[in-house]
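Here is the structure we will look at.
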Amino acid sequence: MQIPNDPGSGAGGSFRDLLRLQTEFQARLAEETVKYLRRLQGAGMPAAPGTVLRPGEGAELSGKGAVGSTVHLELEVVNRQRVHCIVTPMLEALVDASGVTWFPEVDPAVGSTLVPPNESRPLALSLKLPGELPPGTYRGALLLQGFRDGAVPVAVEVEAPAARRRPARTRKSATRKPAPRRRTRKP
Amino acid sequence: MSPSADQVALVDAPESAGRTTATLVGSLTARLAALHLISGADAIGSLVAGYAALGREVSQTAEGARMKRALESGRPGRNGDLLWSRLRLADWASMMPPSPVLDQLRNDAALLLADDVETTLELLPIPGEIAGSPADLDERWTFADFLLGFWACSAEVVRVLEALAAPTLAEPGEIVASAPADPEADGELLR
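Quick look at the structure:
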């Protein structure tokens, strides 16, 4: 079989391609070998005893609030280890069924909590519900920064602001006002 | 005993030594001993890889994602990417085993609060003395010096990074709308 190696045949000839593939293979082989050796070195690294988070059966942080208000979430952290542990809670982005993703603002900025052995400490988070947040149930998880495993599911039910919700019968005067505004918006 | 529904428990990681004063001292001494067996580049590279691994993990959180977007979209992110790739820092850090930096920090902090450090240290072999006369040194740093310096440096790191992110940092509480989930995805095939 003849393999053309003319500059005009294709993209530089088959030999050039062969050489390129071989060079790439050798470079990749060297890279993977070094990576493997580094991983081997990592296996011999000094161990750092770690902590994992174990949520209670059916544990879920849940809250409910109207747009523009603040939702408070509370959780108790029990340290079952024999030494102190510092925990720094961090909230994931929350997503609702319609696909809206909300990056909640936690107020005040959650600091770290030191939990002594065999004791518990409360973790309280306050989430501001932005005015433009569409109503729905937003789900995500609470993580403890740098922990190897475990998360607590979070569900925040966001309701429409009081003015947008169906008015109560006792507030007739307040319910009559929005009606003309709606009519003027329609073409 | 299992935690109740409104509790979370902090427990020892499975298949590893539990966190006790003795194991934490052992971990610290092993780290110090390992420094004599590896190069400085390996030690620092492992720390850099550890910070990067932590950063990737934190980028999954709301606050972390906000900071990441701000740092990536501004000039600091672009210049940092250039330096990271051209100086081959990416290759170097990616080849290093990431150091569990937060585990180590938590463990070292727990040691400072333990009430049995003295008795635990009595059980350990006495470390060899460093050659050379301490009198030759101009300064003899104390642990308090180190701790205070570490605190000041860490606080400065936070201030610097927040200042770098500030021009492009989105308002907190950002909302991103996306297409609703495809109802067909819940079809019989996926059940």
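Quick note, the sequences are listed as chains D and G, same order. Under this note's numbering, the residues of the first sequence are numbered 1 to 187, in order. Under this note's numbering, the residues of the second sequence are numbered 1001 to 1191, in order. For each residue, glycine too, the CB sits at the ideal point set by N, CA and C. Just so we're clear, the structure is a prediction, and the values are computed from it rather than from any experiment.
Across the stretch 79 to 96 of chain D, CB contacts with chain G closer than 8 Å involve 79, 80, 81, 82, 83, 84, 85, 86, 87, 90, 91, 92, 93 and 94, in sequence order along the chain. Here residue 1151 of chain G is exposed, its C-beta having fewer than 16 other C-beta atoms within 10 Å. Chain G has a Cβ within less than 7 Å of the Cβ of residue 133 of chain D. Each of G/1093, G/1063 and G/1079 was checked against the Cα of residue 1049 of chain G, and the nearest Cα belongs to G/1093. Each of G/1156, G/1069, G/1044 and G/1023 was checked against the Cα of residue 1110 of chain G, and the nearest Cα belongs to G/1023. Listed along the chain, the chain G residues whose CB falls inside 8 Å of the CB of residue 47 of chain D are 1016, 1017, 1027 and 1030.
Residue 94 of chain D and residue 65 of chain D do not touch by the CB rule: their CB atoms are close to 13 Å apart, not below 8 Å. With respect to the 7 Å criterion, residue 83 of chain D and residue 46 of chain D are not classified as neighbours on the basis of their beta carbons. Annotation: residue 1123 of chain G to residue 1078 of chain G spans about 52 Å, alpha carbon to alpha carbon. Under the three-state reduction of DSSP output, residue 1038 of chain G falls in the coil class, being neither helix nor strand. Identification of residues in the stretch 1046 to 1069 of chain G having a C-beta nearer than 8 Å to some C-beta of chain D yields 1046, 1054, 1057, 1058, 1060, 1061, 1062, 1063, 1064, 1065 and 1066, given in sequence order.
Ranked by Cα distance from residue 1002 of chain G, the options D/31, D/33, D/137 and D/78 are led by D/78. Residue 1177 of chain G and residue 1018 of chain G have their C-alpha atoms roughly 44 Å apart. In the DSSP assignment, residue 1107 of chain G falls within the unbroken alpha helix (DSSP H) covering 1101 to 1113.
Under the 10 Å beta carbon count, residue 1103 of chain G is surrounded by 16 or more other beta carbons and is classified as buried. In the DSSP annotation of this structure, the continuous segment of the beta strand (DSSP E) that includes residue 1012 of chain G starts and ends at 1007 to 1012. With 16 or more other Cβ atoms inside 10 Å of its own Cβ, residue 147 of chain D counts as buried. As a beta-bridge residue in DSSP terms, residue 138 of chain D pairs with D/156. The alpha carbon of residue 68 of chain D has as its nearest neighbour, out of D/61, D/157, D/130 and D/150, the alpha carbon of D/130. At a cut-off of 7 Å, the C-beta of residue 53 of chain D has a neighbouring C-beta in chain G. Listed along chain G, the residues sitting closer than 7 Å to residue 35 of chain D by beta-carbon distance are 1095. Rounded to the nearest whole angstrom, the C-alpha separation of residue 120 of chain D and residue 1154 of chain G is 28 Å. Within 8 Å of the CB of residue 1161 of chain G, no CB atom of chain D is found; the nearest one sits about 15 Å away. Residue state for residue 71 of chain D is assigned as strand, using DSSP reduced to three classes. Rounded to the nearest whole angstrom, the CA to CA distance from residue 136 of chain D to residue 1161 of chain G is 34 Å. Counting other Cβ atoms within 10 Å of its Cβ, residue 1088 of chain G stays below 16 and is therefore classed as exposed. For residue 1004 of chain G, a Cβ of chain D is located within less than 7 Å of the residue's own Cβ. Of all residues in the stretch 1149 to 1177 of chain G, the ones placed with a Cβ closer than 9 Å to any Cβ belonging to chain D are 1170, 1171, 1172, 1173, 1174, 1175, 1176 and 1177, in chain order.
Near chain G, meaning a CB-to-CB distance below 7 Å, the residues of the stretch 140 to 166 of chain D are 143, 145, 146, 148 and 152. Cβ-Cβ distances below 6 Å link residue 1098 of chain G to 1049, 1050 and 1053 in the same chain, with the five nearest sequence neighbours on each side left out; the list follows chain order.
Residue 1074 of chain G places its beta carbon less than 7 Å from that of residue 1168 of chain G. Taking a Cβ-Cβ cut-off of 9 Å, residue 1117 of chain G has no neighbours in chain D, whose nearest Cβ is about 10 Å from it. Relative to the Cα of residue 86 of chain D, the nearest Cα in the group D/56, D/71, D/52 and D/58 belongs to D/52. With contacts defined by Cβ atoms closer than 7 Å, residue 76 of chain D and residue 104 of chain D do not form a contacting pair.
DSSP places residue 1078 of chain G in no beta strand (DSSP E) but in the uninterrupted alpha helix (DSSP H) bounded by 1075 to 1086. Per DSSP, residue 100 of chain D lies in no beta strand (DSSP E) and is assigned neither H nor E.
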